[in-house]
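Notes follow the structure.
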Amino acid sequence: MYAFEFERPSTLDEAVKALGAEGAQALAGGQTLIPTLKQRLAMPETLVSLAGIAELKGISAEGGVLTVGAASTHTEVAGQTAYPALAHLARGIGDPHVRNRGTIGGSLANNDPSACYPAAALGSGATIVTNAREIAADDYFTGLFETALEEGEIITEVRFPIPAKAAYVKFEQPASRFALVGVFVSKGEGGVRVAVTGASEAGVFRWAEAEAALASDFSAAALDGLSASADDLIGDIHGSPAYRAHLIGVLTKRAVQAAG
Amino acid sequence: MPADGGIGAPNKRREDVRFLTGKGRYTDDINMRGQVYAAFLRSNVAHGRITSIDTSAAADMPGVIRVFTGADFEGIGGLPCGWQVTDRFGEVMQEPAHPVLAQGKVRHVGDPIAAVVAATAEQARDAVEAIEVEIEELPAVVDMKAALEEGAPKVHDDLTSNLCYDWGFVEENREAVNKAFEEAAHVTTLELRNQRLVANPMEPRVAIGDYAAHNDESTLYTTSQNPHVIRLLMGAFVLGIPEHKLRVVAPDVGGGFGSKIFHYAEEAFCTFAAKQIKRPVKWTSSRSEAFMTDAHGRDHVTKIELALDGDNNFAALRTETYANMGAYLSTFAPSVPTWLHGTLMAGNYRTPLIYVNVKAVFTNTVPVDAYRGAGRPEATFQLERVIDKAARELGVDPIALRRQNFITEFPYATPVAVEYDTGDYVATMDKLEEIADLAGFEKRLEESKARGKLRGLGVNCYIEACGIAPSHLVGQLGARAGLYESATVRVNATGGLVVMTGSHSHGQGHETAFPQVVAEMIGIDPNMIEIVHGDTANTPMGMGTYGSRSLAVGGSAIVRATEKIINKAKKIAAHLMEASEGDIELKDGQFTVAGTDKSVAWGDVTLAAYVPHNYPLEDIEPGLEETAFYDPNNFTYPAGAYACEVEVDPDTGKVTIERFAAADDFGNIVNPMIVSGQVHGGLGQGIGQALLEQAVYDENGQLLTGSYMDYAMPRADDVPFFAIDHSCATPCTHNPLGVKGCGEAGAIGSPPSVVNAVVDALQRAGKPVTHIDMPLSPARVWEAMNQ
Numbered sequence: 003m004y005a006f007e008f009e010r011p012s013t014l015d016e017a018v019k020a021l022g023a024e025g026a027q028a029l030a031g032g033q034t035l036i037p038t039l040k041q042r043l044a045m046p047e048t049l050v051s052l053a054g055i056a057e058l059k060g061i062s063a064e065g066g067v068l069t070v071g072a073a074s075t076h077t078e079v080a081g082q083t084a085y086p087a088l089a090h091l092a093r094g095i096g097d098p099h100v101r102n103r104g105t106i107g108g109s110l111a112n113n114d115p116s117a118c119y120p121a122a123a124l125g126s127g128a129t130i131v132t133n134a135r136e137i138a139a140d141d142y143f144t145g146l147f148e149t150a151l152e153e154g155e156i157i158t159e160v161r162f163p164i165p166a167k168a169a170y171v172k173f174e175q176p177a178s179r180f181a182l183v184g185v186f187v188s189k190g191e192g193g194v195r196v197a198v199t200g201a202s203e204a205g206v207f208r209w210a211e212a213e214a215a216l217a218s219d220f221s222a223a224a225l226d227g228l229s230a231s232a233d234d235l236i237g238d239i240h241g242s243p244a245y246r247a248h249l250i251g252v253l254t255k256r257a258v259q260a261a262g
Numbered sequence: 212m213p214a215d216g217g218i219g220a221p222n223k224r225r226e227d228v229r230f231l232t233g234k235g236r237y238t239d240d241i242n243m244r245g246q247v248y249a250a251f252l253r254s255n256v257a258h259g260r261i262t263s264i265d266t267s268a269a270a271d272m273p274g275v276i277r278v279f280t281g282a283d284f285e286g287i288g289g290l291p292c293g294w295q296v297t298d299r300f301g302e303v304m305q306e307p308a309h310p311v312l313a314q315g316k317v318r319h320v321g322d323p324i325a326a327v328v329a330a331t332a333e334q335a336r337d338a339v340e341a342i343e344v345e346i347e348e349l350p351a352v353v354d355m356k357a358a359l360e361e362g363a364p365k366v367h368d369d370l371t372s373n374l375c376y377d378w379g380f381v382e383e384n385r386e387a388v389n390k391a392f393e394e395a396a397h398v399t400t401l402e403l404r405n406q407r408l409v410a411n412p413m414e415p416r417v418a419i420g421d422y423a424a425h426n427d428e429s430t431l432y433t434t435s436q437n438p439h440v441i442r443l444l445m446g447a448f449v450l451g452i453p454e455h456k457l458r459v460v461a462p463d464v465g466g467g468f469g470s471k472i473f474h475y476a477e478e479a480f481c482t483f484a485a486k487q488i489k490r491p492v493k494w495t496s497s498r499s500e501a502f503m504t505d506a507h508g509r510d511h512v513t514k515i516e517l518a519l520d521g522d523n524n525f526a527a528l529r530t531e532t533y534a535n536m537g538a539y540l541s542t543f544a545p546s547v548p549t550w551l552h553g554t555l556m557a558g559n560y561r562t563p564l565i566y567v568n569v570k571a572v573f574t575n576t577v578p579v580d581a582y583r584g585a586g587r588p589e590a591t592f593q594l595e596r597v598i599d600k601a602a603r604e605l606g607v608d609p610i611a612l613r614r615q616n617f618i619t620e621f622p623y624a625t626p627v628a629v630e631y632d633t634g635d636y637v638a639t640m641d642k643l644e645e646i647a648d649l650a651g652f653e654k655r656l657e658e659s660k661a662r663g664k665l666r667g668l669g670v671n672c673y674i675e676a677c678g679i680a681p682s683h684l685v686g687q688l689g690a691r692a693g694l695y696e697s698a699t700v701r702v703n704a705t706g707g708l709v710v711m712t713g714s715h716s717h718g719q720g721h722e723t724a725f726p727q728v729v730a731e732m733i734g735i736d737p738n739m740i741e742i743v744h745g746d747t748a749n750t751p752m753g754m755g756t757y758g759s760r761s762l763a764v765g766g767s768a769i770v771r772a773t774e775k776i777i778n779k780a781k782k783i784a785a786h787l788m789e790a791s792e793g794d795i796e797l798k799d800g801q802f803t804v805a806g807t808d809k810s811v812a813w814g815d816v817t818l819a820a821y822v823p824h825n826y827p828l829e830d831i832e833p834g835l836e837e838t839a840f841y842d843p844n845n846f847t848y849p850a851g852a853y854a855c856e857v858e859v860d861p862d863t864g865k866v867t868i869e870r871f872a873a874a875d876d877f878g879n880i881v882n883p884m885i886v887s888g889q890v891h892g893g894l895g896q897g898i899g900q901a902l903l904e905q906a907v908y909d910e911n912g913q914l915l916t917g918s919y920m921d922y923a924m925p926r927a928d929d930v931p932f933f934a935i936d937h938s939c940a941t942p943c944t945h946n947p948l949g950v951k952g953c954g955e956a957g958a959i960g961s962p963p964s965v966v967n968a969v970v971d972a973l974q975r976a977g978k979p980v981t982h983i984d985m986p987l988s989p990a991r992v993w994e995a996m997n998q
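This is the structure:
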């Protein structure tokens, strides 16, 4: 780890200001960033901790919308009961250490292509709220580790419309236990969504053909005969693009079944 | 046994109190006055020529004391290899130099090029980044067969090729074996890979070099399984320090699994640098460094053929193996695919003719050496897989085929040099069938089917050879070491004992088990006995711990030394009771005179030994301290039978282990709880190999599995509750304890049954799958199902 300055602002405004400085880097739960620093793969001049900002905390459900403060840990999200599929997803992230430190805002800002939360956000049609604006999930995830966030922009909360039915099924990569493939399905007022994480070189994506099939018949049987394309899917020692494409089909069916 | 926990008692491990409460004293816990820190610049390419190194900027960095390069080690020895194999043509193996820091070339990713010693570890790392090195990258060889092709890039320019040796065993049987294959009624052939593994002990390697100017003595604190071996190798062959001026200390060590047997460059570097700069020099491996510098394990590619006669008796066995040595010869690397592998190819079976060919190959990868089982897992895996395949081809029950060919009479001289002293393979198989509830398999199969899962059953046997010995034999086989073990038993005046053993505990539980042996012999509380190990300054010259040898060899040395103690104590007791020495009996810590009511306590005798007011000084010396060196006259041969039941998810290929049973014959058992723990750990490691672990290089020699993000370790939920049994004991006939060793059995015995079970599950589902290479990851199983 290289030496860096450390700031711990207590308000959002202070954080925005601190992040405006050259070489400043936001630190949420640190479950990706700290290991990266330890391996000397990043060299920020200043780490701006978001852990002390009250505005980023709290989880509430109102009017069919679950609002999750960006600094909520996975454990906290796992503990809410208004959106069970999201709680289930949070319970399956990493290990207790990761869940007690890692945050939803950190995960979404990082947009690891194998992370779980991007599937939940895209699969629910969530809105990512920042200090500057509101971004629909459909517009937010722009590629591998890339998002619509501008330099210095901070996620403040994530608003999930609570669907009538939803489920997340993750197939773990054997070593990291990140998603080799994870599929989040939901059926709500906005229609059916199928979001796939872990599989694509470009990060989380929606499986349009499955959504179309499920829109008229939300059942696993509606997916019979559908197969995801292996084009642009990840191939590595844990699975070929063809295997990942196959898993997308299997897991989508399982998710639909789990959603009931 | 004494009521207070001698041989056979499941005493809780006394060392666990400090380990579990954070009070262990590991090498990294040692911090010396004036200590400074080393960091290494390591090659990031697999093969290249160093064209320039500029350390001037690094030398000017804050805190930097000195920067070392290969030039500082000119005239210093290289890391030695401890075993010389002679090939099938009578030529000795090719043995390349292994410099402490690279001399001209780098040969694997992680090869050390230079080192910085600085006031803090971070400063040392900073300065490493400031070293300017230019490397002309050369084509790398990673695949073993490609490495042997004409015109392949040579890992070592001064060798004739990348072939270390071409070993044949038993070479004289070669033609007879070939003839038997021509006459066979059935031949089963299997090609497989026993994949490369990383040992991954919980504690990474650490070395601290220290130099005392007042007496010109060097000390190395290191994470080693065998401090005396390191002292001899490093002192005599690398740094030229006589053993009386070199002390090696291996304090608490957090697991080794073989990877801490070997002498590593960082140990020599820290010892050397400390003397140069006159300050203690410490290096602590990061986990990333561990992946690319700790010796790896396994990495064999094998073709095995089994010939059977018309009655399904094994007629002959023939194997051809390519064994990866990596870029250099690690300390005992040449012995693993040869004498620890070829000699085990008979397994538990009467196969009259066996021929084993092994080509050891240099590649641009981390050196490969012994890893839990070392050669024996590779032998067991291929043998038990080919037998399973043969049974399926012949349409016979795999268990019945094994039983039909079991060795049933002992001693049994195999056609591959070793002689099994004892065993009962029928008994362990009977026991396995019972504890695995094989009779209930069909019912469980139906239950799995009802849940949409494919169920399979895999069974295998194993035999291993532990306590590698005797010294005169291994010397003939190329070992540049003796393989005895030592013990000094020091009795204090008030009756307590200190046992100094040359073996080393890095998780085995010596501090608990060894006192049980001595307590049993004397009849005292094991808490009166302390075990000292791991420091060349206060233990007799020993060979350390590996190959499941500690109790069989080290324990036997303790028995011999304790016998000497008891014999002398009886003389003293006889004197005290004015009786004849021959009439003295020792029981429950009391010396008695046969046929009388006279007695003296153990403590009275020990006090007399050190306060010899009333003492037979004319016959014996005062004091009560004895040393013994024990050199066994044979290996020990633990054996057993294992069964695995798996479920395969037909949609994803994911394998789950539903049941696992292990029936082992370890001979006599000193502490059954420790034995169970060893079996559990071994099974976990073997299952890890079968399902999860693999070290993978890309074609350029970059390690793709350099962290736990990609190298899959087994976790608690990857294994089921095990059904284990050690009751089928046939005591070893040639050591005083009748023990055989249990440390590696689980890792040796479990991979074949897992693979056999998965193949069984797929075949029951109508899939024409005869083999899948480990690890049986979901992707591989799915691909095999959908070929």
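Line order of the protein sequences matches chains A and B. Residues 3 to 262 (our numbering) make up the first sequence, in order. Residues 212 to 998 (our numbering) make up the second sequence, in order. Glycine included, every Cβ here is placed at the ideal spot set by N, Cα and C.
Distance between Gly-584/B and Leu-914/B (C-alpha atoms, nearest Å): Against the second sequence, residue 914/B aligns to sequence position 703. Against the second sequence, residue 584/B aligns to sequence position 373. Take the alpha-carbon of Leu-914/B and the one of Gly-584/B: they are about 24 Å apart.
Neighbour list for Val-252/A in chain B, Cβ cutoff strictly below 8 Å: Mapped onto the first sequence, residue 252/A falls at position 250. Correct list: Asp-862, Thr-863.
Below-8 Å beta-carbon distance, Ile-239/A vs any chain B residue: As a working note, residue 239/A is residue 237 in the first sequence. For Ile-239/A, the nearest beta carbon of chain B is closer than 8 Å to its own beta carbon.
Chain B contacts from the segment 61–86 of chain A (Cβ-Cβ distance under 8 Å): Here the close residues number zero.
Ala-135/A, buried or exposed, once every other Cβ within 10 Å from all chains shown has been counted against 16: By 1-based counting over the first sequence, the position of residue 135/A is 133. The question names Ala, but residue 135/A in the sequence shown is Arg. Its Cβ having fewer than 16 others within 10 Å, Arg-135/A is exposed.
Those residues which DSSP pairs with Met-711/B across a bridge: Here residue 711/B corresponds to residue number 500 of the second sequence, with the count starting at 1. According to DSSP, Met-711/B bridges with Thr-699/B, Val-743/B.
Beta-carbon spacing of Val-296/B, Pro-545/B below 8 Å: Translated into the one-based positions of the second sequence, residue 296/B becomes position 85. Translated into the one-based positions of the second sequence, residue 545/B becomes position 334. The answer is yes: Cβ separation under 8 Å.
Straight-line Cα distance separating Gly-237/A from Cys-118/A: Against the first sequence, residue 118/A aligns to sequence position 116. Against the first sequence, residue 237/A aligns to sequence position 235. Each residue's Cα considered, the two are about 19 Å apart.
For Ser-51/A: DSSP bridge partner residues: If you number the first sequence from 1, residue 51/A lands on position 49. Its beta-bridge partners are Leu-29/A.
Expected contact under 8 Å - CB spacing of Cys-375/B and Ala-571/B to nearest Å: Counting from 1 along the second sequence, the entry for residue 375/B is found at position 164. Counting from 1 along the second sequence, the entry for residue 571/B is found at position 360. With 8 Å as the limit, Cys-375/B and Ala-571/B qualify as a contact, their Cβ atoms being about 4 Å apart.
CB contact check: Tyr-245/A to chain B, cutoff 8 Å: Stepping through the first sequence from its first residue, residue 245/A is reached at position 243. Chain B, which has a Cβ nearer than 8 Å to the Cβ of Tyr-245/A, makes this yes.
Given Gly-753/B as reference, the closest of Asp-298/B, Ile-472/B, Arg-236/B once Cα atoms are compared: Here residue 753/B refers to the residue found at position 542 when the second sequence is read from its first residue. Of Asp-298/B, Ile-472/B, Arg-236/B, the residue nearest in Cα terms is Ile-472/B.
Contact under 8 Å by Cβ, Val-579/B with His-507/B: Along the second sequence, one-based indexing puts residue 579/B at 368. Along the second sequence, one-based indexing puts residue 507/B at 296. Yes; because the gap between Cβ atoms is below 8 Å, this pair is in contact.
C-alpha distance - Lys-779/B paired with Pro-823/B, whole-angstrom precision: On the second sequence, position 568 is the one that residue 779/B refers to. On the second sequence, position 612 is the one that residue 823/B refers to. The alpha-carbon atoms of Lys-779/B and Pro-823/B are separated by roughly 14 Å.
Within 7 Å of chain A by C-beta, residues of the segment 977–988 of chain B in sequence order: Residues passing the 7 Å Cβ filter: Ser-988.
Chain A contact for Ala-901/B (CB, 8 Å cutoff): Numbered from 1 along the second sequence, position 690 holds the residue referred to as residue 901/B. Closer than 8 Å: no.
Pick from Gln-27/A, Ser-109/A, Ala-30/A, Ala-73/A that is closest to Phe-180/A, judged by C-alpha positions: Your numbering for residue 180/A matches position 178 in the first sequence. Looking only at Gln-27/A, Ser-109/A, Ala-30/A, Ala-73/A, the smallest Cα-Cα distance to Phe-180/A is reached by Ser-109/A.
Run of the beta strand (DSSP E) containing Ala-335/B, from where it starts to where it stops: In the second sequence, the residue the question calls residue 335/B occupies position 124. Annotation for Ala-335/B: no beta strand (DSSP E) segment contains it, though the alpha helix (DSSP H) segment containing it runs 332–341.
Cross-chain neighbours of Phe-173/A in chain B, by beta carbon under 9 Å: For the purposes of this step, residue 173/A is identified with residue 171 of the first sequence, where counting begins at 1. Within 9 Å of the CB of Phe-173/A, the CB atoms of chain B belong to Thr-863, Lys-865, Pro-989, in sequence order along the chain.
Min CB distance Gln-41/A to chain B below 8 Å: Residue 41/A sits at position 39 when you count from the first residue of the first sequence. Chain B, which has a Cβ nearer than 8 Å to the Cβ of Gln-41/A, makes this yes.
Interface flag, Ala-177/A vs chain B, CB-CB below 8 Å: Indexing the first sequence from 1 puts residue 177/A at position 175. Answer yes: the Cβ-Cβ gap between Ala-177/A and chain B drops below 8 Å somewhere.
Buried or exposed (CB count within 10 angstroms, at least 16 for buried), Ile-616/B: Numbered from its first residue, the second sequence carries residue 616/B at position 405. Here the sequence assigns Asn to residue 616/B, which means Ile is not the residue at that position. Here Asn-616/B is buried. Its C-beta has 16 or more other C-beta atoms within 10 Å.
Within-8 Å CB hit, Glu-994/B to chain A: Taking the second sequence and counting its residues from 1, the one referred to as residue 994/B is at position 783. Yes, contact with chain A.
Nearest-angstrom Cα separation, counted from Pro-979/B out to Leu-987/B: Position 776 of the second sequence holds residue 987/B. Position 768 of the second sequence holds residue 979/B. Between Leu-987/B and Pro-979/B, the C-alpha separation is close to 16 Å.
Among Ala-872/B, Thr-750/B, Val-492/B, the one whose alpha carbon lies nearest that of Val-710/B: As a working mapping, residue 710/B is identified with position 499 in the second sequence. Taking only the C-alpha atoms, the option nearest Val-710/B is Thr-750/B.
Anticipated Cβ contact below 8 Å, Ala-680/B with Gly-293/B, distance rounded: Taking the first residue of the second sequence as 1, we reach residue 680/B at position 469. Taking the first residue of the second sequence as 1, we reach residue 293/B at position 82. In fact, because the Cβ distance is near 15 Å, the residues do not count as touching under 8 Å.
Residues sharing a beta bridge with Trp-200/B, DSSP: Because chain B is modelled from 212 through 998, residue 200/B falls outside the range shown and cannot be assessed.
Beta-carbon spacing of Leu-401/B, Ala-418/B below 8 Å: Your numbering for residue 401/B matches position 190 in the second sequence. Your numbering for residue 418/B matches position 207 in the second sequence. No.
Residue environment, Ala-410/B, which counts as buried when at least 16 other CB atoms sit within 10 Å: Indexing the second sequence from 1 puts residue 410/B at position 199. Taking a 10 Å sphere around the C-beta of Ala-410/B, we find 16 or more other C-beta atoms and assign the residue as buried.
Tyr-636/B - containing alpha helix (DSSP H), residue span: Looking up residue 636/B in the second sequence gives position 425. Judged by DSSP secondary structure, Tyr-636/B falls within the alpha helix (DSSP H) whose first and last residues are 636–646.
Local conformation of Met-212/B per DSSP, three classes: As a working note, residue 212/B is residue 1 in the second sequence. Unreliable placement is indicated for Met-212/B, whose pLDDT of 43 sits below 50; the coordinate value is still reported in the next sentence. Collapsing the DSSP output to three states places Met-212/B in coil.
Three CB pairs or more closer than 8 Å across the segment 546–561 of chain B and the segment 387–402 of chain B: The answer is no - the segment 387–402 of chain B does not touch the segment 546–561 of chain B, with fewer than three Cβ pairs under 8 Å.
Straight-line gap, Pro-626/B to Ile-674/B (C-alpha atoms, nearest Å): The count along the second sequence starts at 1 and reaches residue 626/B at position 415. The count along the second sequence starts at 1 and reaches residue 674/B at position 463. If you draw a straight line from the Cα of Pro-626/B to the Cα of Ile-674/B, it is about 15 Å long.
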